[in-house]
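Data block below; observations after.
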């Protein structure tokens with residue numbers, strides 16, 4: 001896994017550049033900013049975050065619509081109420097991740113590791129869960 005760098009973040013015209021710049025500073029700086037600005041709903045929609053390490057990142061409530069998280073490390077990330085509709089999470093590690101009330105409509109979770117993830121009340125409509133590892137995953 002690689003850490004967030006400018007080379008890995010392709011800016012989409014829909015995403016907020018300031019939010020992407022904050023994420024490039026690393027998970028610690030991102031989480032600190034999130035604590036200091038709890039009322040801001042970051043927009044990272046449409047960005048390329050493939051192979052990026054966002055372990056323990058606070059992505060709760062973030063707009064992640066159509067983000068490419070292919071093979072990303074999201075171990076124990078907070079994705080509560082995040083909008084992950086149409087996101088590509090193929091092969092990503094979401095072990096221990098909190099996805100309660102997340103919108104995963106039409107997301108691709110093919111081969112995704114969801115060991116001990118919490119998907120309580122998540123919208124899994126039209127979500128591809130082929131070959132996903134769902135061991136000890138909370139789905140109700």
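In UniProt numbering, the protein residues as written are 1 to 140. Every residue gets a Cβ at the ideal spot worked out from N, C-alpha and C, and that includes glycine. Bear in mind that the values here come from a model prediction, so they are computed numbers and not experimental data.
Buried or exposed by the 16-neighbour rule on C-beta atoms within 10 Å, applied to residue 17: exposed
Range of the contiguous alpha helix (DSSP H) that encloses residue 41: Per DSSP, residue 41 belongs to no alpha helix (DSSP H) and is neither H nor E.
Alpha-carbon to alpha-carbon, residue 30 and residue 36: 10 Å
Inter-residue spacing [alpha-carbon to alpha-carbon] between residue 139 and residue 56: So the two alpha carbons sit approximately 21 Å from each other.
Nearest-angstrom Cα separation, counted from residue 108 out to residue 40: 27 Å
9 Å Cβ cutoff met for residue 90 and residue 65: No, Cβ-Cβ distance for residue 90 and residue 65 is not below 9 Å.
Residue 34: first and last residue of the uninterrupted alpha helix (DSSP H) it sits in: 27-36
Inside the region 74-124 only - alpha helix (DSSP H) runs reaching at least 4 residues: none
Identified DSSP bridge partners for residue 128: 108
Spatially closest choice to residue 42 from 58, 126, 115, 74, by CA coordinates: 58
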